[in-house]
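J.:
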Amino acid sequence: MADRIFAALGLLAILVYGWIAFTALKAPFQYDPLGPESWPRILSVVAALCALYVLWKPDVGNFRLQTATGIKVAVMLVLLVAYAFLFERLGFIPATALFAGFASLLLGARLLPAALFGIGTGVIGYLVGAMLLELNLPAGLLGKLF
Amino acid sequence: MDAVLAGLGQGFAVALDPINLALVLAGCFFGTLIGALPGIGPINGVAILLPIAYSLGLPPESALILLAGIYYGAEYGGRISSILLNVPGDAGAVMSTLDGNPLAKRGEAGRALSLSAVASFIGGTLAVVLMTLFAPLLAAFAVTFSPADYVALMVFAFTSLASLVGKNPVKTLLAAVMGLMIASIGIDANTGVVRFTFGSHDLMAGIDFLVIVIGLFGMAELIHLVEAQATGKLKVLDIGKSFVSWADIIRVRWVVLRSSLIGFFIGVLPGTGASVASAVTYGTEKRLAGESGKDFGTGDIRGLAAPEAANNASAGGAMIPMLTLGIPGSGTTAILLGALLLFNITPGPVMFQQRPEIAWGLIASMYIGNIALLVINLPLVGLFARLLTIPQQYLTPMIAVLAFIGVYSVVGNPFDLYMIIGLGIFGWILRKLEFSLAPVILGVVLGSLFEDNLRRALSISGGDWGILVQSWNSIILYVLAVLVVIVPLWLGRRALKKVA
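First to last, the sequence lines map onto chains D and C.
Take 1 as the starting number for the first sequence in the working numbering and just add one per residue.
Take 147 as the starting number for the second sequence in the working numbering and just add one per residue.
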């Protein structure tokens with residue numbers, strides 16, 4: 001069933017892709033026999049055939065995700081999005097400390113070790129990443145302080 | 147032969163440069179480290195470390211040497227969690243658990259680890275030697291390839307991928323085509339037409355390769371680890387004092403040599419890597435062992451040596467099509483190829499002439515890397531084993547932090563942080579539905595090459611599709627493509643008949 005749902009959604013995306021390739025894409029002028037639309041057209045046809053086959057003969061019965069695990073995965077995704085949202089706004093150290101702390105808490109660490117781990121990851125990550133390896137990391141709030 | 151020696155000399159001059167030497171060692175060390183982490187295989191390791199390596203601002207040959215060291219090291223490190231935890235880091239390490247873990251349970255983990263290190267060393271070294279001999283020949287031959295021949299080569303690569311990787315060939319093909327479709331997003335280089343961006347400026351230049359790799363591999367792995375975590379505590383077995391003896395090595399010498407050769411050739415085939423190589427050699431050795439083959443699976447050292455030699459040999463073999471044809475032999479080499487493209491270097495037959503320092507420097511660094519890995523691994527295996535005791539709750543968030551650092555430091559665009567999360571979910575779903583991810587990344591990497599060659603071929607012929615089947619090179623490749631589909635089917639049917 002899961003296979004069928006995925007294949008159906010995939011087919012939908014492929015049809016949109018194909019529709020664009022067959023109607024919208026066009027070079028204003030071109031000298032070559034194949035324009036920018038030909039390759040996507042070929043791909044969309046092959047992909048659609050494959051998706052139809054999976055739809056017709058699926059082989060994975062179910063998605064096998066228990067509710068508790070599903071919730072955990074969902075919370076992790078929320079944390080990740082929050083991390084991405086705060087990454088530039090707060091800066092690397094606070095954002096990482098918050099994310100790593102809450103994520104380890106979610107995965108079963110206790111409060112104090114989780115807090116220490118979060119702060120440690122943020123600070124050490126910044127020292128190694130930005131100072132030692134000279135990578136481009138956002139200084140954010142703390143950058144304004146110093 | 148003289149050219150090979152001259153090239154190799156030049157390569158060693160590059161590889162023995164103090165910085166490059168340090169990078170090989172660092173790559174091997176961190177690769178082993180990340181490969182040893184439970185559940186993280188070589189491909190995820192290389193994916194997670196790639197952007198960081200890229201943004202260090204190294205010259206291309208140094209960056210590639212570092213990445214190859216990581217790749218090699220991760221193949222090495224994978225065996226530690228296979229043997230001590232019974233948790234293979236990736237499909238290529240599954241076979242190593244079969245006899246490796248029983249040995250460790252018997253209290254001979256030290257023997258198993260050191261034996262597998264030696265087997266990996268021999269497999270890896272043999273592969274580099276063969277590579278030194280064959281790569282320049284193949285490159286010299288491939289220089290004559292026309293765009294139409296390249297199209298045929300690509301068709302062959304994708305058919306052998308579909309036929310040999312994963313359980314369901316149609317799903318593998320669909321995964322590869324999805325990769326090709328992802329690659330078509332952005333501005334078309336030939337005409338300047340914008341494709342599939344839906345008006346988003348962030349997509350104009352296409353989805354950055356690093357973003358795709360980190361998303362599909364690193365982030366998908368993270369979600370997978372969160373999901374898998376519920377399965378209770380794993381017990382790490384003690385290493386103990388046992389060590390590999392000369393008698394052991396002598397006993398498995400033919401096993402190791404055979405498996406290295408088989409592994410190497412399987413590695414060279416496009417799309418097939420360590421997983422196929424280790425499975426094939428394990429099966430072969432078990433059959434060759436005859437009556438005593440029934441010990442396989444209960445802690446027979448031959449059953450450990452064979453897949454270990456094979457998967458390191460295939461890691462070397464997979465480099466050949468990547469370096470000489472620009473067609474990667476495995477998912478991980480696809481990532482390495484993408485890394486070269488990031489440096490504006492297109493691997494392929496002319497690389498041996500135009501950028502010999504890269505081609506030969508990499509090969510020379512692999513000789514050094516193999517030795518370094520053996521030296522690092524024999525005494526330090528206890529240190530790496532301790533990594534297995536890092537609790538998941540700290541390990542998993544670290545992956546996200548590394549991924550974010552990597553992606554942000556390369557592109558500096560927060561939009562990409564959302565992209566990797568989205569791609570991570572997509573990759574995780576694909577994995578759950580038993581699609582393999584390697585074909586997707588192969589599709590992404592080869593997308594523009596495939597399209598360009600097709601368009602070039604048809605410009606040459608003025609729109610006549612017949613050009614695709616006009617040269618002997620391409621006809622032979624199409625025949626091979628058909629064979630690679632038919633032979634496994636035929637073998638499968640024959641095996642079924644035997645059972646019945």
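Cβ coordinates follow ideal geometry from the N, Cα and C atoms, glycine included.
Note that the structure is a prediction, hence the values are computed from the model and not measured.
Using three-state DSSP, classify R252/C as helix, strand or coil.
T.: Residue mapping note: residue 252/C aligns to position 106 of the second sequence, counting from 1. Three-state result, R252/C: coil.
J.: Determine the burial state of D446/C: buried for a count of at least 16 other Cβ atoms within 10 Å of its Cβ, exposed for fewer.
T.: Locating residue 446/C in the second sequence gives position 300, where the first residue counts as 1. Per the 10 Å Cβ criterion, buried.
J.: Check each candidate in P502/C, V557/C, A455/C and name the one with the smallest Cα separation from N516/C.
T.: Within the second sequence, the letter at position 370 stands for residue 516/C. When the alpha-carbon of N516/C is set against those of P502/C, V557/C, A455/C, the nearest one is in A455/C.
J.: Quick test of the definition: if touching needs 3 or more C-beta pairs under 8 Å, does the stretch 218–230 of chain C touch the stretch 337–355 of chain C?
T.: At 8 Å Cβ cutoff, the stretches do not touch.
J.: Which one or two residues does DSSP pair with V160/C in a beta bridge?
T.: Within the second sequence, the letter at position 14 stands for residue 160/C. BP columns for V160/C are empty, so no partner.
J.: Give the range of the alpha helix (DSSP H) segment to which I328/C is assigned.
T.: As a working note, residue 328/C is residue 182 in the second sequence. Per DSSP, I328/C belongs to the alpha helix (DSSP H) from 315–329.
J.: Taking C-beta pairs closer than 8 Å, name the residues in chain D that Y200/C reaches, listed in chain order.
T.: Walking along the second sequence from the start, residue 200/C turns up at place 54. Going along chain D, no residue has its Cβ under 8 Å from Y200/C, so there is no contact; the nearest lies around 10 Å.
J.: Just to confirm the assignment, what range does the alpha helix (DSSP H) spanning I119/D have?
T.: Position 119 of the first sequence, counted from the first residue, corresponds to residue 119/D. Taken as a continuous stretch (DSSP letters only), the alpha helix (DSSP H) holding I119/D covers 111–126.
J.: Nearest-angstrom Cα distance between T343/C and A199/C?
T.: Start at 1 with the first residue of the second sequence, and residue 343/C comes out as number 197. Start at 1 with the first residue of the second sequence, and residue 199/C comes out as number 53. Straight-line Cα distance between these residues: approximately 29 Å.
J.: Name the chain C residues whose beta carbon is nearer than 7 Å to that of L55/D?
T.: Taking the first residue of the first sequence as 1, we reach residue 55/D at position 55. Near L55/D there are no residues of chain C at all, since even the closest Cβ is about 11 Å away, more than 7 Å.
J.: Are the beta-carbon atoms belonging to T427/C and I396/C less than 8 Å from one another?
T.: Indexing the second sequence from 1 puts residue 427/C at position 281. Indexing the second sequence from 1 puts residue 396/C at position 250. Not closer than 8 Å, so no.
J.: With H, G and I counted as helix, E and B as strand and the rest as coil, what does DSSP make of G462/C?
T.: Locating residue 462/C in the second sequence gives position 316, where the first residue counts as 1. DSSP places G462/C in helix when its eight states are reduced to three.
J.: Any C-beta of chain D within less than 8 Å: which residues of the stretch 522–555 of chain C qualify?
T.: Residues passing the 8 Å Cβ filter: P537, Q538, Q539, Y540, T542, P543, M544, A546, V547, F550, I551, Y554, S555.
J.: Return the chain-ordered list of same chain residues with a C-beta closer than 6 Å to the C-beta of G439/C, the five sequence neighbours on each side being excluded.
T.: To locate residue 439/C, count along the second sequence from 1; it is residue 293. Cβ neighbours of G439/C beyond the five flanking positions: K432.
J.: Would A281/C and I466/C qualify as a contact pair, given that the criterion is a beta-carbon distance under 8 Å?
T.: For this step, residue 281/C is matched to residue 135 along the second sequence. For this step, residue 466/C is matched to residue 320 along the second sequence. Contact flag set, yes.
J.: Report the partner residues of R341/C according to the DSSP bridge assignment.
T.: For this step, residue 341/C is matched to residue 195 along the second sequence. Answer is G332/C, bridged to R341/C.
J.: In the DSSP assignment, find the unbroken alpha helix (DSSP H) run with A124/C in it and report its ends.
T.: An answer regarding residue 124/C cannot be provided, because it is not within the stretch 147 to 646 covered by chain C.
J.: Go through its chain and collect everything with a Cβ distance to T444/C's Cβ below 7 Å, but skip five positions before and after it.
T.: Reading the second sequence from its first residue, position 298 is the one you call residue 444/C. So the qualifying residues of the chain are P248.
J.: Report the option in I613/C, W636/C, L635/C, Q500/C whose CA atom is closest to the CA atom of S292/C.
T.: Within the second sequence, residue 292/C is the residue found at index 146, counting from 1. Ranking I613/C, W636/C, L635/C, Q500/C by Cα distance to S292/C puts I613/C first.
J.: For L284/C, decide whether its Cβ has a neighbour in chain D, counting only Cβ atoms nearer than 8 Å.
T.: Counting from 1 along the second sequence, the entry for residue 284/C is found at position 138. Closer than 8 Å: no.
J.: Sorted by chain position, which residues of the same chain lie with C-beta nearer than 6 Å to F489/C's C-beta, five sequence neighbours on each side aside?
T.: Against the second sequence, residue 489/C aligns to sequence position 343. The answer, listed in chain order, is P206.
J.: Should M76/D be flagged as near chain C, meaning a C-beta pair shorter than 8 Å?
T.: In the first sequence, the residue the question calls residue 76/D occupies position 76. Closer than 8 Å: yes.
J.: Which same chain residues end up closer than 6 Å to M239/C when comparing Cβ atoms and leaving out the 5 residues on each side of it in sequence?
T.: As a working note, residue 239/C is residue 93 in the second sequence. Note on residue identity: the sequence assigns Ala, not Met, to residue 239/C. Correct list, in chain order: G224, S228.
J.: Is the number of C-beta pairs between the stretch 411–425 of chain C and the stretch 462–476 of chain C that are closer than 8 Å three or more?
T.: yes
J.: So is V123/D in contact with chain C if we call contact Cβ pairs under 8 Å?
T.: Here the question's residue 123/D lines up with position 123 in the first sequence. V123/D does not count as touching chain C.
J.: Along the chain, where does the alpha helix (DSSP H) containing P585/C start, and where does it finish?
T.: The sequence position of residue 585/C within the second sequence is 439, counting from 1. Per DSSP, P585/C belongs to the alpha helix (DSSP H) from 584–607.
J.: Measure how close the beta-carbons of A662/C and G364/C come, nearest whole angstrom, since I'm counting them as under 8 Å.
T.: There is simply no residue 662/C to check, as chain C begins at 147 and stops at 646 in what is shown.
J.: Would you kindly report the start and end of the unbroken alpha helix (DSSP H) that includes Q539/C?
T.: Here residue 539/C corresponds to residue number 393 of the second sequence, with the count starting at 1. Note, Q539/C: alpha helix (DSSP H), 538–557.
J.: Once DSSP output is grouped into helix, strand and coil, what is the label at Y31/D?
T.: For the purposes of this step, residue 31/D is identified with residue 31 of the first sequence, where counting begins at 1. DSSP places Y31/D in coil when its eight states are reduced to three.
J.: G361/C and I566/C - do their beta-carbons sit closer together than 8 Å?
T.: Stepping through the second sequence from its first residue, residue 566/C is reached at position 420. Stepping through the second sequence from its first residue, residue 361/C is reached at position 215. Yes, these two residues count as a Cβ contact at 8 Å.
J.: The alpha helix (DSSP H) that contains P416/C, what's its start and end?
T.: The residue given as residue 416/C occupies position 270 in the second sequence. Taken as a continuous stretch (DSSP letters only), P416/C belongs to no alpha helix (DSSP H), as it is neither H nor E.
J.: Please classify I632/C as buried or exposed, where buried requires at least 16 neighbouring CB atoms within 10 angstroms.
T.: Walking along the second sequence from the start, residue 632/C turns up at place 486. By the neighbour-count rule (16 or more Cβ atoms within 10 Å), I632/C is not buried but exposed.
J.: May I ask you to report which of helix, strand or coil DSSP gives P634/C?
T.: As a working note, residue 634/C is residue 488 in the second sequence. In the structure shown, P634/C sits in a helix (DSSP, three-state: H, G or I).
J.: Going by C-alpha distance, which of V586/C, G219/C, Y564/C is nearest T318/C?
T.: Taking the first residue of the second sequence as 1, we reach residue 318/C at position 172. When each option's Cα is compared against that of T318/C, the closest is V586/C.
J.: Contact criterion: CB-CB distance below 8 Å. Does Y19/D meet it with respect to chain C?
T.: Position 19 of the first sequence, counted from the first residue, corresponds to residue 19/D. Sequence inspection shows Trp at residue 19/D; the Tyr mentioned does not correspond to that position. The C-beta of W19/D comes no closer than 8 Å to any C-beta of chain C.
J.: Can you name, in chain order, every residue of its own chain whose Cβ lies under 8 Å from the Cβ of V382/C, other than the five neighbours on each side?
T.: Position 236 of the second sequence holds residue 382/C. For V382/C, where only same-chain residues beyond five positions count, the Cβ hits under 8 Å are L230, L231, A531, L534, T535.
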